[in-house]
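Using this note's numbering, the letters of the sequence shown map in sequence onto residues 40 to 414. Where is the CB? At the ideal position from N, CA and C, for every residue including glycine. Just so you know, these numbers come straight off a predicted model, no measurement behind them. What follows is one structure encoded as structure tokens, with my remarks underneath.
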Amino acid sequence: MTTETSAEQAATGGESARAVPASAALWLAVAALVVALAAAVAAAVAFYQGAVTARLETGEQRGVVERLASEQGAAVERQAQLAMRVDDIGAHLDEFERSLSSALDQESSRRESALADFRAEFDALAGSVEQVYEDLGRSVDTWVLEEVEQLLLLANQRLTLAADTALAVAALEIADAKLGDIGDPALLPVRRQLAEELAALDRVPELDVDGAALRLGALMNNVGDLPLAQDMQRPEWQTGEATGGAGDDTGAGGVERLAREMLADLGNLVRVRRVDETRAPRLTTVQRFLVDENLRLMLAGARQALLEGRAAVYRQDLEAAREWMTRYIAMDSDVAVNFGDELKALAALPVERELPPIDGSLALLRELIAERGGR
């Protein structure tokens with residue numbers, strides 16, 4: 040393409056040379072030649088660069104292709120190795136699966152056999168435990184019935200011997216609660232009789248036996264504080280209240296003092312007084328002790344009779360104590376008045392109480408125990 044252009048330019052220059060001088064044509068030809076050579080050199084350089092670049096690119100591509108081929112071969116080789124390993128692992132897995140299946144079958148058989156043996160043993164043990172529970176239940180019921188019998192017997196004894204209604208009620212209530220825990224319909228007649236006996240005890244007038252006994256004990260402790268009547272009625276010559284005694288030093292002279300002392304002595308030898316009633320002589324120390332102890336014994340007897348429920352003896356001892364106080368105690372003193380009022384209050388307690396029989400429930404319970412073969 041460059042050569043054609045140079046030829047065209049040369050032809051054009053030829054035509055122009057006809058018109059210009061020969062030197063100018065020569066220079067034009069040289070210039071054209073130079074231009075043509077430059078164009079040829081440029082074309083050759085361009086061609087060389089393109090060829091080198093193509094070869095370089097082809098070499099690089101060939102290297103890449105060879106590298107890829109090498110890597111592909113390595114990958115294929117690794118894939119083959121992995122396939123072989125997978126085959127080996129599969130074979131091992133198949134063998135492990137067969138051995139595991141066999142072991143599981145054996146373990147399942149062993150477990151089924153052990154479970155069958157356990158079920159048989161458990162059924163036998165359950166039967167034994169059920170029998171033991173049945174026997175134990177009957178034994179526990181028998182023990183509870185015997186305990187209830189003792190409670191009813193205690194209630195009857197306390198009510199009969201000591202008239203202790205509070206303890207009898209408590210024992211009957213505990214016995215009824217224990218019978219209720221058993222829940223046996225055969226015990227309903229016994230519980231019905233217990234309810235009637237509890238209602239009968241509720242109608243009995245309440246008496247605080249322990250409180251009354253403590254009050255009597257307090258009176259026994261205070262007996263020594265009571266003043267004796269003989270101490271309050273002593274004559275003047277015993278109390279030292281006579282006037283003009285030997286210790287009187289008043290007077291003008293010794294003669295007058297001696298005369299007064301002689302008259303006082305004569306007056307003390309003989310004295311006439313009018314007494315409406317006979318007075319008991321002053322008690323000695325031993326007699327005073329016996330007065331106090333006799334009163335204490337009377338109060339102790341009343342307390343014992345109260346605890347035993349003997350109303351007649353209780354009131355008799357309290358009346359004897361009041362008469363003893365009237366005979367020997369100064370009843371006009373505050374201590375004696377309070378003591379006597381306390382005796383009156385104690386004598387007014389409702390000791391004479393009609394106690395109902397509570398042995399019906401005990402008899403029914405004993406019949407039931409005998410029917411069950413408890414005895």
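- Looking at the backbone, the Cα of M337 and that of L401 are separated by about 38 Å.
- Residue L334 holds the alpha-carbon nearest to the alpha-carbon of N260 among R354, R327 and L334.
- Residue environment for N195: buried (at least 16 other C-beta atoms within 10 angstroms of its C-beta).
- Taking C-beta separations shorter than 7 Å and ignoring five residues to either side along the sequence, the partners of L346 in its chain run A201, V248 and A252, following chain order.
- The C-beta distance from L227 to I408 rounds to 16 Å, too long to meet the 8 Å contact threshold.
- The Cβ atoms of R254 and L404 lie no closer than 8 Å to each other.
- In this structure, A207 lies away from L218, with their beta-carbon atoms at least 8 Å apart.
- Cα atoms of R231 and D215: separation of roughly 9 Å, rounded to the nearest angstrom.
- The straight-line gap separating the alpha-carbon atoms of L240 and G379 is approximately 33 Å.
- Taking C-beta atoms under 8 Å as the contact rule, I368 and L258 fail to qualify, at a distance of about 12 Å.
- Distance between V80 and V74, taken at the CA atoms: about 10 Å.
- Taken through DSSP and simplified to helix, strand or coil, I221 comes out as helix.
- Pairing A339 with R242, the inter-Cα distance amounts to about 29 Å.
- Contact between D331 and A341 is ruled out by a C-beta separation of about 16 Å, above the 8 Å threshold.
- Between R150 and S141, the alpha-carbon positions lie close to 14 Å from each other.
- For P228, the enclosing alpha helix (DSSP H) starts and ends at L227 to D241.
- For V374, the uninterrupted alpha helix (DSSP H) segment begins and ends at D373 to A386.
- In this chain, the alpha helix (DSSP H) harbouring N260 covers V248 to N260.
- The beta carbons of L382 and R349 sit no closer together than 8 Å.
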